[in-house]
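Colleague: Let me give you the structure first, and then I'll get to my questions.
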Amino acid sequence: MPELPDVETMRQYLQATSLHQKIADMEVHDADVVPVEDASQEAALQELKEELVGCSFNSTRRHGKWMFVALDDDRDSFLVLHFGMTGGLRYFKNMEEEPEYDRVLFHFDNDYQLAYISLRKLGEVKVIDDVEQLIAEKGLGPDALDADFDLAAFKDAVEDRRAMVKSILMDQGTIAGIGNVYSDEILFHAGIHPRTKINNLEEETLKELFYTMKDVLQKAIEYQAEPEQFPESFITRHRHEGGRCPICGAELQRVKVSSRSAYYCPNRQRKGGR
DNA sequence: CCTATAGCCTGACGGC
DNA sequence: TGCCGTCAGGCTATAG
């Protein structure tokens, strides 16, 4: 679930539901999602609670697959939400509606709750003081949809790179926000085979790749990252064993690229060879 | 510097 | 039915 469009949709969701309400209490149901910095796990949980209870959420921002929620405390701090491969947010009132795998639960003083859901617990929840510092520590590249990340910056970022184009798109240090599913979607629309070495792409194809990337991510956000809402012409809806290309009807192929499954159309994705 | 790979964690699914 | 292997929309540490 959580690549850039998914996280952006969740950010908008949190923004629309959970701002400006006092956090009356919070529960951590599974400590695995709260990273231990230097002290003990126990201390980390205690600290997280102290930092959040009594505060409210003021505003939100996102960088790649990372979400940040500004708190109204006197330290200018931020709640960090990352989801790993599975997870999301849910705002609800009655505990009968409590979702499964809600690893952290925020109780607001209006009797509503916000659940941080993460089945596989590969994400993390913590509080930081400096977003730029976290981005630097994680080694994140520019956010894929940042207006400053233009064609020139993209060319600059992939210059001298020789890895397969899908790996580069998914490399968070090069571009932040694209994962396995959306890299497939982008390459499908750009007509590029996922195993093409990026240095073998023509100048013109590289340019097309860049604008396709922006376009696909933007469109996915407009559809709230819900594959069922996507146009039929998106490969994501057909991205499974035996699925067929929505344009030409050919059976989609699957190959491993950096130990992830890439799906592609053998007819339409040939640019750059193979 | 670069790229590729196993491991973290849990659940779903197919084959026997 | 149970057991086993594989896979899953991410990231990290490590090896080559």
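Following this note's numbering from start to finish, the first sequence increments by one per residue and tops out at 362. Virtual Cβ for every residue (Gly too), placed ideally from N, Cα, C.
Val168: beta carbon under 6 angstroms from a heavy atom of the ligand NAP?
Modeller: No copy of the ligand NAP appears in this structure; indeed no ligand is present at all.
Colleague: Compare the beta carbon distance of Ser144 and Gln109 with 7 angstroms and say whether it is the shorter of the two.
Modeller: Result yes, Cβ atoms of Ser144 and Gln109 sit closer than 7 angstroms.
Colleague: Cα-Cα, which of Gln317, Gly331, Leu233, Val269 is closest to Cys353?
Modeller: It is Gly331 whose Cα lies nearest to the Cα of Cys353.
Colleague: Nearest by alpha-carbon distance to Arg249: which of Ile263, Asp238, Asp234 is it?
Modeller: When only C-alpha atoms are compared, the closest one is Ile263.
Colleague: Could you spell out where the alpha helix (DSSP H) holding Leu257 opens and where it closes?
Modeller: Element bounds for Leu257: 253 to 258.
Colleague: Taking Ser271 as the reference, give the member of Glu130, Val246, Ala350 with the closest Cα.
Modeller: Taking only the C-alpha atoms, the option nearest Ser271 is Ala350.
Colleague: Does the stretch 310 to 320 touch the stretch 220 to 229, meaning 3 or more C-beta pairs lie closer than 8 angstroms?
Modeller: Cβ pair count under 8 angstroms is below three, so no.
Colleague: Give the C-beta separation of Leu239 and Gln306 to the nearest angstrom, bearing in mind that I take them to be a contact with Cβ-Cβ under 8 angstroms.
Modeller: The pair is not a contact, with the Cβ atoms about 15 angstroms apart (cut-off 8 angstroms).
Colleague: Closest to Lys333 by CA distance: which of Glu273, Thr174, Lys295 is it?
Modeller: Here residue 333 turns out to be Cys, not Lys, going by the sequence shown. Answer by Cα proximity: Glu273.
Colleague: Rounded to the nearest angstrom, what separates Gly211 and Leu177 at their Cα positions?
Modeller: So the alpha carbons of these two residues sit roughly 13 angstroms apart.
Colleague: Output needed for Leu140: all residues of its chain with C-beta closer than 6 angstroms, excluding positions within five of it in sequence on either side, in chain order.
Modeller: So the qualifying residues of the chain are Ile111, Met114.
Colleague: What does DSSP give as the partner residues of Ile216 in its beta bridges?
Modeller: DSSP, once it has assigned bridges, lists Phe166 as partnering Ile216.
Colleague: Who are the near neighbours of Thr300 in its chain, counting only those whose CB is closer than 8 angstroms to its CB and skipping five residues on each side?
Modeller: Closer than 8 angstroms at Cβ, skipping near neighbours: Ile274, His277, Ala278.
Colleague: Taking Asp197 and Lys181 to be in contact with their CB atoms under 8 angstroms, please state how far apart those CB atoms are, rounded to whole angstroms.
Modeller: Contact flag wrong, Cβ pair sits at about 13 angstroms.
Colleague: Can you check which of these residues, Gly261, Leu294, Thr284, is closest to Lys243 by C-alpha distance?
Modeller: Nearest C-alpha to Lys243: Leu294.
Colleague: Please report the Cβ distance between Leu136 and Val253, rounded to the nearest whole angstrom; I am assuming they are in contact, meaning their Cβ atoms lie under 8 angstroms.
Modeller: At roughly 39 angstroms, the Cβ-Cβ gap does not stay under 8 angstroms, so Leu136 and Val253 are not in contact.
Colleague: Can you tell me whether Asn146 is buried or exposed, with buried defined as 16 or more other CB within 10 angstroms of its CB?
Modeller: Under this definition Asn146 is an exposed residue.
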